[in-house]
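Undergrad: FYI, the working numbering numbers position 4 of the sequence shown as 1350, with every residue one higher than the one before it. So that we are looking at the same thing, I have put the structure below in structure tokens.
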Amino acid sequence: MSGRDILLRLRRELQVFRWERRFRDHEYAVILQLPRGGSWGRRGMRQRIVADAEHVDARYCSPWCGKKALERAGFPRLSPLFISAPAIVIFGVRPDSVFEATSRSRDLLKDRAILAGGKVGDRILTRDQWAALESGPSELQLWAELVSHLNQNSIPRVLHRSIQELASSIDQSTGRISALMDRHAHQSGVTTSP
């Protein structure tokens, strides 16, 4: 084996390691396939996709690298999405930012990219499930509902409560948010499998 072959192998292993770490470290990831096997298109497309979005990134991933990285990261059920075509992977830790970047990329790439699926935590989502989540309430809306509920209990009253009562109030608000998310998921037919 020549030095050039060794260098090529090391580069590939480094690439797989980086993708493995990205899939493991980021809570949300969306895979957009490029069915024609082409590139993103124009220069600066990555910057346009992630523009003004915090805690999110987008990268081009080759099929062999994506498949290997997903298998090593513990998501072998997602690896078939990388069998034949390269993909753009949008990943991050905040759902709103990832949803925003995903919809922006679909607008920019139009018919060149197809939403293939994604992951939320350890759960694998199909294209239809991801689309249903995109149309649901945003994280910001859910936090606004929590703040609204806490504001109903006026701040002076909240400050005079015991820690136990405050914890109970926050638990009730969290329960309402969970119920709202569950109701939306049920209405849109989203069922996630671990």
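Each residue gets a CB set at the ideal place from its N, CA and C atoms; glycine is no exception. Predicted model, so just to flag it, every value in this text is computed and none were measured.
1. Between the segment 1422-1433 and the segment 1393-1404, can you find at least three pairs of beta-carbon atoms closer than 8 Å?
2. What three-state label does DSSP hand Val1396 in the structure shown?
3. Is the beta carbon of Glu1400 closer than 8 Å to that of Arg1440?
4. To the nearest angstrom, how far is it from the Cα of Trp1476 to the Cα of Arg1392?
5. Gly1412 to Ala1431, Cα distance in whole Å?
6. Could you have a look at Leu1380 and say whether DSSP puts it in helix, strand or coil?
7. Any idea if Lys1542 is buried or exposed, counting beta-carbon neighbours within 10 angstroms, 16 or more meaning buried?
8. Going along the chain, which residues of its own chain have a beta-carbon closer than 7 Å to the beta-carbon of Gln1361, five neighbours each way excluded?
9. Below 7 Å CB to CB, which residues in the same chain sit around Arg1473 once its five sequence neighbours on both sides are set aside?
10. Taking the runs of the alpha helix (DSSP H) that are 4 residues or longer, which of them lie wholly in the segment 1419-1486?
11. What span of residues does the beta strand (DSSP E) with Arg1405 cover, start to end?
12. Could you please give me the residues that DSSP links to Ala1375 through a beta bridge?
13. Going by DSSP in three states, Ser1348 sits in which element: helix, strand or coil?
14. Among the candidates Lys1414, Trp1365 and Asp1398, whose CA atom is the shortest distance from the CA of Ala1447?
15. According to DSSP, simplified to helix, strand and coil, what is Gly1390?
16. Can you give me the C-alpha to C-alpha distance between Ala1433 and Ala1375, rounded to a whole angstrom?
17. Which whole-angstrom value describes the C-beta separation of Leu1354 and Arg1394, a residue pair presumed to lie in contact below a C-beta threshold of 8 Å?
TA: Quick answer:
1. no
2. By one-based count along the sequence shown, residue 1396 stands at place 50. Note: Val1396 maps to coil in three-state DSSP.
3. The residue given as residue 1440 occupies position 94 in the sequence shown. The residue given as residue 1400 occupies position 54 in the sequence shown. For Arg1440 and Glu1400, yes; Cβs fall inside 8 Å.
4. In the sequence shown, residue 1476 corresponds to position 130, counting from 1. In the sequence shown, residue 1392 corresponds to position 46, counting from 1. So the two alpha carbons sit approximately 21 Å from each other.
5. Reading the sequence shown from its first residue, position 66 is the one you call residue 1412. Reading the sequence shown from its first residue, position 85 is the one you call residue 1431. Cα to Cα, Gly1412 sits roughly 10 Å from Ala1431.
6. Stepping through the sequence shown from its first residue, residue 1380 is reached at position 34. In this structure, Leu1380 counts as coil in the three-state DSSP scheme.
7. As shown, the chain starts at 1347 and ends at 1540. That puts residue 1542 outside it, with no answer to give.
8. Sequence index remark: in the sequence shown, residue 1361 carries index 15 (1-based). For Gln1361, where only same-chain residues beyond five positions count, the Cβ hits under 7 Å are Cys1411.
9. In the sequence shown, residue 1473 corresponds to position 127, counting from 1. Closer than 7 Å at the Cβ level, and outside the excluded window around Arg1473, lie Leu1461, Ala1462 and Gly1463.
10. Fully enclosed alpha helix (DSSP H) runs of no fewer than 4 residues occupy 1441-1455 and 1473-1480 of the segment 1419-1486, in order along the chain.
11. Here residue 1405 corresponds to residue number 59 of the sequence shown, with the count starting at 1. Val1402 to Cys1407 is the span of the beta strand (DSSP E), which, as asked, contains Arg1405.
12. For the purposes of this step, residue 1375 is taken as residue 29 along the sequence shown, with counting starting at 1. Phe1437 and Lys1465, per the DSSP bridge assignment.
13. Walking along the sequence shown from the start, residue 1348 turns up at place 2. Three-state result, Ser1348: coil.
14. Taking the sequence shown and counting its residues from 1, the one referred to as residue 1447 is at position 101. If we check each option's Cα against that of Ala1447, Asp1398 comes out closest.
15. Against the sequence shown, residue 1390 aligns to sequence position 44. Coil.
16. Taking the first residue of the sequence shown as 1, we reach residue 1433 at position 87. Taking the first residue of the sequence shown as 1, we reach residue 1375 at position 29. Distance between the alpha carbons of Ala1433 and Ala1375: 12 Å.
17. Along the sequence shown, one-based indexing puts residue 1354 at 8. Along the sequence shown, one-based indexing puts residue 1394 at 48. With 8 Å as the limit, Leu1354 and Arg1394 do not qualify as a contact, their Cβ atoms being about 31 Å apart.
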